[in-house]
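As structure tokens, the structure follows; a few thoughts come after it.
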Amino acid sequence: MTRPTHGRLARYGFAEGAGGARAVDLVGPDGLALWRPDTQEPADDHAAELLTALSRAADPDLALRQLHRLVEAERRFGDETAVRDALAADPGLRRRLVAVLGASSALGDHLVANPGQWAVLATEPDGLAPTADGRLDLTAAAKLTTLTGAVPLLRHAYRLALLRIAAADLTGGRCLEQTMAALSRLADATMATAYDIAVDELPEGTAPPRLAVVAMGKCGGDELNYVSDVDVIFVAAGDDDLTAATQVATRLIGVCGLVAWPVDAALRPEGNRGPLVRTLASHLAYYRRWARTWEFQALLKARPAAGDPELAREWIDALAPLVWTAAERPEAVSDVRSMRRKILDNVPPRELEREIKRGPGGLRDIEFAVQLLQLVHGRGDESLRVPGTVPALRALVAGGYVGRADGEALLRGYRFLRAVEHRLQLQGLRRTHTVPTEPAALRWLAAALGYVATPGRSAVEEFRAEWVTHATEVRRLHAKLLYRPLLESVARVPAEGLRLTPEAARHRLEVLGFADPAGALRHLQALTGGVSRTAAIQRTLLPVLLDEFADAPEPDRGLLNYRKVSDKLGSTPWYLRLLRDSGPVARRLARVLSSSRYAADLLAREPEALRLLAEDTELTPPRRETLVEGFVAAAARHDDPVEATRAVRALRRRELVRIAAADVLSRAGSLAPLTPRPTGGGERRPTMVDVSAVGTALSHVTDATLTAALCAARAAQPGPPGLRFAVIGMGRLGGYESNYLSDADVLFVYDPPPGVEESAASAAAHAIAEELRRLLSAPAPDPPLGVDADLRPEGRQGPLVRSLAAYAQYYARWSRVWEAQALLRARFVCGDAELGAEFEAMIAPVRYPADGLTREQVVEIRRIKARVETERLPRGADPATHTKLGRGGLADVEWAVQLLQLRHAGRLPALRGTRTLDALAAARDAGLLDPDDAAELAAGWTLAAQVRDALMLVRGRAGDQLPRHGVELAGVVRLLGHEDPGEFLDDYLRTARHSRTVVQRILEAPL
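Residue numbers for the sequence shown follow this note's numbering, so the first one is 370 and each next one is one higher.
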């Protein structure tokens, strides 16, 4: 049985069923004579080649039908073999014509209606493809049509040029950028001819006006698509030209509408409500006074198109200074972002996900991101002052404003989306930006874009997968670039501040208050010198960073610290990319480096820790359990206890960077890291709420460090099996009130295993404690963590380690009231948890005496307090501003609170806490303190603790004395979120004075 003919034809891509049966007629002897029904094979070799070409068309059935119609049209004009003979003889023509017929029903209809015009696609005598650069050939058009008149002739010339561009585009003869440029050039040529027609039609005696037609939008950017309004602005030289210029402009719009596409002049001043043509002077007056940000954004793409090119250039040059300062308006960046959101809101919801132009992840996302970056950075970098999206994006990448990978991703997305747009519009030569939903239309689109089926995936699925990939990436990069926090900062820098020439930079450094402009200039030259990409990115960042440094009391130090970090990380691929792209990292880094020597020194040792500045969650201190687990795991990865401790100290250093950075930034306004929004609603808060949070975070880090170091020490000094060993936190560690340079005040306690002699157990425990101290005191480029056991019984004269029984015996027989006072802060830190709990239970009667204190003990506390004030205050220290031992400072408040605890915690369990503020609140709630007095004490302690931490952050070294003037005072004031050093100092003295009054009342209360 003979196989049906249409089944054989199906291998060429012609549809089965009714469509396939029709194909038999079209290619058979009564049609194009390409197919022999008797043999079910092509009629000859030329027929086989033509059928193969048809099979490769985007829509083989459409191409076949249009070719058949074209041959029939030729037959009606008496030359039925011309096109078939030409297709057989000219492979290039065959490929181009079939591609057009299969991709564009509109162009196919044009060729059918105008027999013979297909010849413009023929290969040139020199073997090259016909020119497809957008030039109009009115002479060739006149030969190929019988119509007369300037406008009909222009229409045919336009269609012939468009035909050549489409053929080159569809057959790979021109890339996307070349196709867009050719379409833009064709628009220019069409408007130029329409301009000439309009001038010729002016009333007799009317002098031709000086009128410039300025291309805007896609045409201005040399990125026009197949069917689009052509945006223009008309500019007349003077008032005398206005009447004639308006007539010419009106006629030009009419001619272009008849020939090709609408000309849209709505981007002109006042839009459609304003005059169609304005003079150059009128334009300047409008843009200087009334223009909004989006109007300057539109001017980025302005270029001469038709009419008087010198006038157009004069207009563009006159407006350029306004364009390149528009971003300095306070609302400029937000205006551009708002305009993009409005465009998105105007897309019908049912089309939102299919819109490749205005929808999310569409062309507008790319264009708006690129244009905003141009407006902001183009003020100081003239290489960015180009009208087209692709050239501008390449310039942004070359200048370091956009990362290479991000730039390539945007270019790929742009090319993909424009290719989709071109194919959609070419099909019917109608304006559309929406991907169809009909299966047949989607199959055609996928084929027109060159997608083919793969195993397990259809061509449409391949297209959809790539579309989703590009749209997702474009959407992500749009948000990353358009909403880059650095943009607002760069926009606030005056244009001259962006040009870091030596003279301009020196002047700017002087204006910004750098003490040594010459030295600062050397740092700038070291950072920005040369033509490397690193230098280019630094030139982008530094104008913003200089402003941040200038706000600090010592701008020079901030710049120096930044250079140190940059010298260490400058060649690291992620460093400058992180500063440029990742949220507020650059400004946060500048704030930290210019505010805190302590944090700057840590970053110099651990520069990679600046990654923590990228995310608010990274500046949130981890929970104690998380820290302990991580530190212990790091130590366990090393058999050598020294290496294990080195790993632990490195983690500690990173955590100190985290806490210090969060602390510095917590009062830095928009730079402050915030906690996640609560699930039930509510406000986000700074990750470092107050000084208590800082003390707790630092204590947790110390806990984790001691825990991991103890594991390493016990591995090195295992001791007898069953030996229990614990570390008890004392002092500020025990009270969760550590500061940045606190030692770890501890007690070591052990419990010998059954059957082991006390002396052997003591020696083993002593070895563990000594090993722990040795490991943590070994020289290293880390902030030291001293392990201080001086609060142990008998102080330095007593044994370093005692058994639980020995502690119990000592405290029962020999302890003095000051030791009971020190035990108020004792808590288990690490080691054997049961032993720690037993120790806390054992000391409870000592630190919380059931009957309170005797008269003699209270007197002893008063005596010791007075002795501390007179003997321990450093020589020359100002007691009014010494945060630790000064009047109304930390020690004052702590002694007062601890006295209340010793006297009343035996009967009031609420007072049994190691934290000062918690015990103070409990005393107030128990009625031991007047609420106002409690508030004065809390305010005094809190402010003194804040100032003490701030002093350490600013100085980078220990210090308790608040200076009364100078840069250190200014640094502390800025760090704590205040502005006037004098007012702050007065506030500190007043707060301390009030606190001291309450302390004296408590300490001197009648017994």
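In this text, a Cβ means the ideal position worked out from N, Cα and C, and glycines have one as well.
*Extent of the continuous beta strand (DSSP E) to which residue 647 belongs*: 646-648
*Classification of residue 1228 by the beta-carbon crowding that lies within 10 angstroms, buried from 16 upward*: exposed
_Identified DSSP bridge partners for residue 1097_ = 1116, 1197
*Should the stretch 601-618 be called in touch with the stretch 691-711, which here means at least 3 C-beta pairs below 8 Å?*
no
*asked:* I want to know whether the stretch 594-602 touches the stretch 511-529 - three or more CB-CB distances under 8 Å.
replied: no
_Local Cβ density within 10 Å of residue 578, reported as buried at 16 or more and exposed below that_ = buried
*Collapsed DSSP secondary structure at residue 1353 in the structure displayed*: helix
_Rounded to the nearest angstrom, what separates residue 756 and residue 466 at their Cα positions?_
34 Å
_Helix, strand or coil, according to DSSP, for residue 813 in the structure here?_
helix
*Assuming residue 599 contacts residue 676 (C-beta within less than 8 Å), just tell me the rounded distance between them.*
About 14 Å separates the two Cβ atoms, so there is no contact after all.
*Nearest-angstrom Cα distance between residue 1214 and residue 1184?*
12 Å
*Specify, as a first and last residue, the run of the beta strand (DSSP E) that residue 673 falls within.*
672-676
*Could you pull out every residue in the same chain whose Cβ sits closer than 7 Å to the Cβ of residue 811, ignoring the five residues on either side in sequence?*
805, 829
*For residue 1172, which beta-bridge partners are listed by DSSP?*
1119
*Identity of the residue in 650, 1147, 842, 487 nearest residue 774 by Cα*: 842
*Strand pairing of residue 603, partner residues [DSSP]*: 582, 646
*Hey, how far is the Cα of residue 602 from the Cα of residue 729?*
29 Å
_Whole angstroms are fine: how far does the CA of residue 446 sit from the CA of residue 589?_
42 Å
*Own chain partners of residue 983 with C-beta closer than 8 Å, once the 5 adjacent residues on each side are dropped*: 947, 951, 952, 954
*asked:* For residue 738, tell me which candidate among 763, 713, 706, 764 has the shortest Cα-Cα distance.
replied: 706
*With a 10 Å radius around its C-beta and 16 neighbouring C-beta atoms as the bar for buried, classify residue 836 as buried or exposed.*
buried
*asked:* Give me the DSSP bridge partner(s) of residue 826.
replied: 823
*Go through the stretch 1128-1179 residue by residue and report every complete run of the beta strand (DSSP E) that reaches 3 residues or more, in order.*
1170-1172
*At a cut-off of 8 Å, is residue 1343 close to the ligand FMN when judged by its beta-carbon and the heavy atoms of the ligand?*
As far as ligands go, the structure on display features none, and thus does not contain the ligand FMN.
_Backbone secondary structure at residue 390 - three-state DSSP_ = Bear in mind that the predicted position of residue 390 carries a pLDDT of just 46, short of 50, making it unreliable; the figure below should be weighed with that in mind. Residue 390: helix per DSSP, three-state reduction.
*If you draw a straight line from the C-alpha of residue 1073 to the C-alpha of residue 993, how long is it?*
7 Å
*From residue 1202 to residue 1015, what does the alpha carbon distance come to, in whole angstroms?*
25 Å
_Whole angstroms are fine: how far does the CA of residue 1357 sit from the CA of residue 1004?_
44 Å
*Taking the C-alpha atoms as reference points, what is the distance between residue 733 and residue 753?*
19 Å
*Quick one: using the 10 Å Cβ neighbour count with 16 as the cut-off for buried, is residue 1111 buried or exposed?*
buried
*Alpha carbon to alpha carbon, how far is residue 1105 from residue 1285? Give it in angstroms, no decimals.*
9 Å
*Spatial distance of residue 860 from residue 746 (CA atoms)*: 8 Å
_Proximal residues to residue 1455 (C-beta, below 7 Å), its chain only, five neighbours per side dropped_ = There is no way to answer for residue 1455, as the model of the chain reaches only from 370 to 1376.
*asked:* Suppose you measure from the CA of residue 797 to the CA of residue 513; what does that come to, to the nearest Å?
replied: 23 Å
_C-alpha gap between residue 414 and residue 789, whole angstroms_ = 35 Å
*Does DSSP put residue 1222 in a helix, in a strand, or in coil?*
coil
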